Structure formats: structure tokens, C-alpha cells
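Each residue of the sequence shown is one higher than the last, beginning at 35 in this note's numbering.
For every residue, glycine included, the Cβ atom is placed at its ideal position computed from N, Cα and C.
The model shown is predicted, which means the values in this text are computed figures rather than measured ones.
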Amino acid sequence: TGDNCEVINNDFRDEGDALGTDEFNAAISVAGGADNALVKGCTFRAGAAGAVQAIYITAVSGFEASGNDIIGDYSRACIVGRFNVAGDSADDVIIRRNLLFQGTMGGDGEINAVAVIDMSDGTSGYISNNEIVSDVATALLMRVADDMVFMNNFVSDTDGDEFSGSPEFGTQPTQGFPSSTSVSPHEDG
């Protein structure tokens, strides 16, 4: 706990074992009393039958996860906000420029049907420019965060031989205006 804490360029690898007995519950937990925390440039890995979540937040004001690679067989989500507990939602949450991969990298069928982001109702903030891989029914179910703004995330639910991802845009250009794809979603500018 403690305001303005920073976790930068750390490696959290928990490959687990075949029995799923040595994984962590959460690599990082940010709770009330740790406002304005930053998790940046970190690598998170959880193997099959791995961790519950990589990052867990609850009851904070100000939190940012940016530039992280989160890949693993997470039973809840890659990034989780405490769920359905009154007063435990967070505000000013920013989740941007992360690789959020729900599953294990390997052959076909190793992408999980579990969301990559799961925030409690009432959590506010911004989710943008993330690469999201999850095998759920719709892009909205890949990141469950009802009160947050989504912009320019790239989503895919396939692990087949052909690429089938799609960009997500907050607004579509009208006829006669430049395409919204003229600026890379992973670049400042």
C-alpha cells in the first residue's frame, strides 16, 4: 500500500505445473491506500492451470497499467477489479498499450473463453490501444467494464492459421473525412 507506488519493468513468471499447485493468486494487488499506482513495462506469464489474475485492483483512485505483456491461463482475467462489493470500485483507471492474451501460446485451442479485463460495476476510466486476445462470444465480453470508455483496442478471438483480428474505434469517420486508421493506434500523435 501507499500512494504513488510504481512497479516498472519487472518480470512475474509463474509457469505452474501440470497439477496447477504452485501458481500465484495475483502477481500484483493494488488496494485502498495505494492511490495513483503505476504498473508499466512488466511481463506476466502464467502457465496452464495458472493464476487467477495478473493484476488486481480495488477501491483506489487513480491507477494505470501501460506497456505490459500479460499472457496466461488466468481463471478470472488478466486485469481484475474487485467484483460486486459495495464501495470497492475504482476511479480514474487507465489501461493502455498492453498485450492482454487470455490463454497459453501454443497450438490451436489454447485461447481461453475468459475475459481479459473484468472491472467491478462503477469502476471508471479509459481502456485504449490494447491488443486483446480471448475466445469469448463478442468483443464486449473480452473486456467487462461497464462504466469505462473503450477506444482503439485491437481484438482477436482466433488461434487458427489466418489472421482475423479487428480494430475497435470510438467513432467512425463520416464520408469525405480521413479514415480513422490513418494513425497507428500504438503511436502517440
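Item: Just how far apart, CA to CA, sit Val18 and Val150?; Value: Outside the displayed range of the chain (35 to 223) lies residue 18, so it cannot be described from this structure.
Item: Mind pulling the beta strand (DSSP E) runs of 3 or more residues that sit fully within the segment 134 to 199?; Value: 159 to 162, 165 to 167, 182 to 185 and 188 to 190
Item: Once the 5 residues before and after Ile135 are set aside, which same chain residues still bring their CB inside 6 Å of it?; Value: Per the sequence shown, residue 135 should be read as Phe rather than Ile. Cβ neighbours of Phe135 beyond the five flanking positions: Ile105 and Val167.
Item: According to the neighbour-count rule (16 or more other Cβ atoms, all chains shown, within 10 Å of its Cβ), is Gly36 buried or exposed?; Value: exposed
Item: Across which residues does DSSP place Asp48 in a beta bridge pair?; Value: Ala80
Item: Select from Val178, Asp180, Asp103 and Glu98 the residue whose C-alpha is nearest the C-alpha of Ala71.; Value: Glu98
Item: Take the Cβ of Asn146 as the centre, count every other Cβ of all protein chains shown within 10 Å, and call the residue buried at 16 or more, exposed below.; Value: buried
Item: How close, in whole Å, do the beta carbons of Val301 and Ala179 come, if the pair is a contact with beta carbons under 8 Å?; Value: Here the chain covers residues 35 to 223 and nothing more, so residue 301 does not appear.
Item: Helix, strand or coil for Ala124? Go by DSSP, reduced to three states.; Value: coil
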